[in-house]
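Student: Order-wise, the sequence lines are chains A and B.
Counting the first sequence from 1 gives a position; this note's numbering is that position plus 77.
Counting the second sequence from 1 gives a position; this note's numbering is that position plus 932.
First the structure, which I've put down as structure tokens, then a few questions once you've had a look.
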Amino acid sequence: MILFCCNDIVKTHFHKEVIPDKSMYTMFVTISCLIAALILVFVSTLAQVKMDPHEVEQTMLRTFFIWWHGIPVFPGGITIALALLINLTISVVKRGFWKKKPLLMIHMGFALLIVGEILRMVSAEESFLVLHKAHQVNYSESGTELELALIDHSSGEHDVIKSITLNEHTHNITPFNEPLCITLNSDTYDVEGYGTWPLIKGTRQFGSCEISLRRKRTYQPYSITLNSFNYEIHPGSNIPKSFSSDITISDEETNTQRQVQISMNSPLHYKGKTFYQENYANEGETSVLHVVENRWKSLPYVSIMIIAIGLTLNIFNVLRKGR
Amino acid sequence: MKYLLIISLLLFPFLLQESSPPGAILPVQDQGRIKPLDTVARTSRVMISGKEGSAPSEWLLQLLFAPQTTMNQKMILNTYPDIFPEKYLSINQLLPHLNSIYSQITNVPTEEDLYQESLVQLWKRIELYLRLTHTLHDDKQTPLTPYFGITPPHDFDSDAHWKNIEEDKTGWKPFIQSWPNISEPVDQYLEEISSANPSLVRSLKIELFFNTIAPFFISKIYYLIALILFTFLTLFDKKTWPATYFLIAAFCLHTLGIILRMVIEGRPPVTNLYSSALFVGWGAILCALMLSKKYSSLQPVASLIGLLTLSISYSLSLSGDTLEMMRAVLDSNFWLSLHVITITLGYSATFLAGFLSAYALLFSKEIKSTATLVYRIISLALLLSFIGTLLGGIWADQSWGRFWGWDPKENGALMIVLWNTVILHLRVGGYIKAVGILRLAVFGNVITSFSWFGVNMLGVGLHSYGFIEQAFLWLIVFDVLNLLIICKPVRIEQSS
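Below is the structure:
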């Protein structure tokens, strides 16, 4: 049906059954992009039956093209968004959109939304904090990237000599509560679920060292301790009512301690990062927090405001004039 | 005369109100909520028999207090004709076979087929039935736990845990002793509750009232009558006001039902798929009634939407209590209620545009003026669905730290936004005219039905439960019908 519709548009467009004017081409591109986006969203929804959502995002949406056996078969999410953005800029310049203020607002808001998303993709950092009860943690872990770290036990547990980021097997991540730590004793080593890895040169020389394949860690200038994890269900049922973690943040720079409760729908904002209650494990002995750092966090809010006002003004015009 | 009609239509359900036995109001705790026994009776009866049947409260009271007398009642819907040919079975017939059924369902291979599935369904019914019989009779021999909690804490706090018979053997003793004449102890019990927690008694009474007047059932019938009247009155060129009054009466009852649900639950109108079906229909009809002064064709369309959405919500209600507790993820939050209401109204507007267009295309009637109206409704739908979708993003950002996650439900909403945008741009660009707008608006039905129900069925291969499979079939039928309407040729002179 959508293909049928595309065909119709292409025919009308090239046969010039409608009065051709300068703005026609940008309108044609807009509609093509929107229909392409619709197809892309539909296909990526269906793809989630068989594929992991993260994989769908990487192969279809957060990419320039969808590749199939080395051939680009369909434009990816980034291409469509950029095409819409460029096309919108051209049409605003050429058509003098600014005469109709509500329409201008809607389109500018939309452009800002795309820009905000691009900035987020470029600059935002996401990681996870896995907290075990009464253990102090001063690093967050990546949800997708692995690293191979050399740890020198002779001078403290957290002393990392070198770590290498691994980008392979990114979607093959085991649950957070299983350690990926292994001790070195031959030229190759096995890590369960991750295959066999060759030994890295020179590691044997470190007698007291341990090599560890784990989620990529980012160390923070503060540490967090899980005091308790609270899990409530609605009485007489299995329906979860609320999750929350009571934590203590000890800041090494300012030498202060703070007690906070993070629960679903009420995150903690701290040092430019936001901590959300994400998950729990081990019957509440382990709590997982999602840590997000995005400087452009407020952009989508601004663009939504602009679009909402534009659409509302526009609807009054439509209802008054019927067009 | 006209006013008399509408008043009598509105009063009719109150006259029809069933009387409930004295025990029906007894509070119990089930699925995290304190509800009258009557609600449990209705939902468990539906789950066991596949339909509500008459006098569910009497049935449940009998089952609770005197299980032996109900052992031979043929109540349990049989989905597994291999053991018994009958459609309904009694528990006495099934008891000798329990072991064999249980061993068959516990050895289910990972790839469940329909045959196994129906056995699992039968087992679930038997299990529910047996758990109900254990509500007042603590039976050490069975591993099944009682179905609901009956003994409240001393302060009758609705959020605390209410003990079941295993935890507190004295529960409901006065009623058990005086059964079957329990009206006096029930009154005493209610007085006791109202002195400690008066709001609980009030909400029990409201819920019982809601159950006995069955507003959605009556309003569904009114929508049906309105639709039939519209068809015949238009066919014979008569004035259609009686149909209009049925439609208005149906809408009033529909509204009353939604308000009562909100009062009972203390939540915004949309909390689960069932209530979204109620609200999608309600929103579309509200919009249609507001615009119907100028466009008379909106009224039959509104009746059809009412009939369809209430039928959908009825089939959704077959799986249990529709007043569910909210999961932690969805609990509270201003953004969420705003988001859900707006997006659901967006579905309403898109459906209204789609149904109206389908009507105009089918009867080749008033194509041009309908197209103008449809264009307006689509603009409204875009406003609602866009803002609704983005409000969902704000909410997700605030509680999960991500604005957008490409979740199937989010994608569905985005598809509606995109489709409405496509239609508006096509029209502004001059690619489509009246008939084109109507056809594309009908396709909006297909997209909305996908994002409303289709995405919930994506896992069809994995969990092919009876309802979902049937619903999937209906979804396909609906989509095919819409596609047929799109392809229907419309005479050119009307489209010019």
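Ideal Cβ placement from N, Cα and C applies to all residues, glycine included.
Quick one: is TYR271 of chain A near chain B, going by C-beta distance under 9 Å?
Tutor: Here the model assigns TYR271 of chain A a pLDDT of 44, short of 50, so the residue's position is not dependable, and the following value carries that caveat. Closer than 9 Å: no.
Student: Can you give me the start and stop residues for the alpha helix (DSSP H) that ASN1113 of chain B sits inside?
Tutor: First-last for ASN1113 of chain B: undefined, no H or E at that position.
Student: ALA358 of chain A bridges to which residues according to DSSP?
Tutor: A:THR363
Student: Could you check the C-alpha separation between PRO252 of chain A and ASN359 of chain A for me, to the nearest Å?
Tutor: Low per-residue confidence applies at PRO252 of chain A: pLDDT is 38, beneath 50, and the placement is therefore not dependable enough to give any value.
Student: Is there contact between the region 373-384 of chain A and the region 1074-1088 of chain B, where contact requires at least three CB pairs shorter than 8 Å?
Tutor: Output reads no: the region 1074-1088 of chain B does not touch the region 373-384 of chain A.
Student: DSSP three-state call for LEU1221 of chain B: helix, strand or coil?
Tutor: helix
Student: With a cut-off of 8 Å, do at least 3 Cβ pairs link the region 1237-1246 of chain B to the region 1140-1159 of chain B?
Tutor: yes
Student: Using a Cβ cut-off of 8 Å, which residues of the region 321-342 of chain A contact any Cβ in chain B, in chain order?
Tutor: Answer set for the region 321-342 of chain A: MET341 and ASN342.
Student: Can you say whether TRP1104 of chain B is buried or exposed, counting buried as having 16 or more other CB atoms within 10 angstroms of its CB?
Tutor: buried
Student: How would you write the range of the alpha helix (DSSP H) that PHE187 of chain A sits in, first residue to last?
Tutor: 178-200
Student: At the level of alpha carbons, what is the spacing between SER340 of chain A and PRO317 of chain A?
Tutor: 13 Å
Student: Within this structure, are the beta carbons of LYS178 of chain A and THR103 of chain A separated by less than 9 Å?
Tutor: no
Student: Taking DSSP as the reference, what is the three-state secondary structure of GLY1198 of chain B?
Tutor: coil
Student: Taking 8 Å as the limit between beta carbons, can you name the residues of its chain near SER300 of chain A, skipping five residues before and five after?
Tutor: GLN213, VAL214, ASN215, ILE326, SER327 and GLU329
Student: Among the residues of its own chain, which have a CB less than 8 Å from the CB of MET1389 of chain B, if the five just before and after it don't count?
Tutor: ILE1400, ALA1403, PHE1404 and LEU1407
Student: Taking Cβ positions only, does ARG372 of chain A come closer than 9 Å to chain B?
Tutor: no
Student: Sorted by chain position, which residues of the same chain lie with C-beta nearer than 6 Å to TYR1177 of chain B's C-beta, five sequence neighbours on each side aside?
Tutor: LEU937 and ILE938
Student: Quick one: residues in its chain with C-beta nearer than 8 Å to the C-beta of ARG1063 of chain B, no 5 flanking neighbours on either side, listed in chain order?
Tutor: LEU1076, THR1077, PRO1078 and TYR1079
Student: Do the CB positions of GLY1215 of chain B and THR1276 of chain B come within less than 9 Å of each other?
Tutor: Their beta carbons are under 9 Å apart, which means GLY1215 of chain B touches THR1276 of chain B by this criterion.
Student: Using a beta-carbon distance cut-off of less than 8 Å, what residues from the region 1064-1094 of chain B approach chain A?
Tutor: PHE1080, GLY1081, ASP1091, ALA1092, HIS1093 and TRP1094
Student: Please classify PHE352 of chain A as buried or exposed, where buried requires at least 16 neighbouring CB atoms within 10 angstroms.
Tutor: Under this definition PHE352 of chain A is a buried residue.
Student: So is VAL150 of chain A in contact with chain B if we call contact Cβ pairs under 9 Å?
Tutor: no
Student: With H, G and I counted as helix, E and B as strand and the rest as coil, what does DSSP make of GLN1000 of chain B?
Tutor: helix
Student: Leaving out the 5 sequence neighbours to the left and right, which residues in its chain are closer than 6 Å to THR1302 of chain B when beta-carbon positions are compared?
Tutor: ALA1292
Student: Residues of chain B with a CB under 9 Å from the CB of HIS367 of chain A: which are they?
Tutor: Within chain B, the residues near HIS367 of chain A are TRP1332, GLY1333 and ARG1334.
Student: Which of the three DSSP states is assigned to GLU132 of chain A in this structure?
Tutor: helix
Student: Cα-Cα, which of B:LEU1413, B:TRP1327 and B:GLY1198 is closest to SER343 of chain A?
Tutor: B:TRP1327
Student: Are there 16 or more other CB atoms within 10 angstroms of the CB of TRP1173 of chain B, so buried, or fewer, so exposed?
Tutor: exposed
Student: How would you call PRO1201 of chain B, buried or exposed, if buried means at least 16 neighbouring beta carbons within 10 angstroms?
Tutor: Buried: at least 16 other Cβ atoms inside 10 Å.
Student: Any Cβ of chain B within less than 9 Å of the Cβ of LYS348 of chain A?
Tutor: no
Student: Residues of the region 119-132 of chain A in Cβ contact with chain B at a cutoff of 8 Å, in chain order, please.
Tutor: Under the 8 Å Cβ criterion, the region 119-132 of chain A contributes PHE119, SER121, THR122, LEU123, GLN125, VAL126 and PRO130.
Student: For ASP1100 of chain B, would you say it is in contact with chain A, using Cβ-to-Cβ distances shorter than 9 Å as the test?
Tutor: Cβ-Cβ to chain A under 9 Å: no for ASP1100 of chain B.
Student: Using a beta-carbon distance below 9 Å, is THR1282 of chain B in contact with chain A?
Tutor: no
Student: Answer with buried or exposed for SER322 of chain A, where buried requires no fewer than 16 other C-beta atoms within 10 angstroms of its C-beta.
Tutor: buried
Student: Distance cutoff 9 Å, beta carbons only. Does TRP1351 of chain B sit that close to anything in chain A?
Tutor: So yes, TRP1351 of chain B belongs to the interface.
Student: DSSP beta-bridge partners for ILE320 of chain A?
Tutor: Reading the sequence as shown, one finds Phe at residue 320 of chain A and not Ile. DSSP lists A:TYR308 as partners of PHE320 of chain A.
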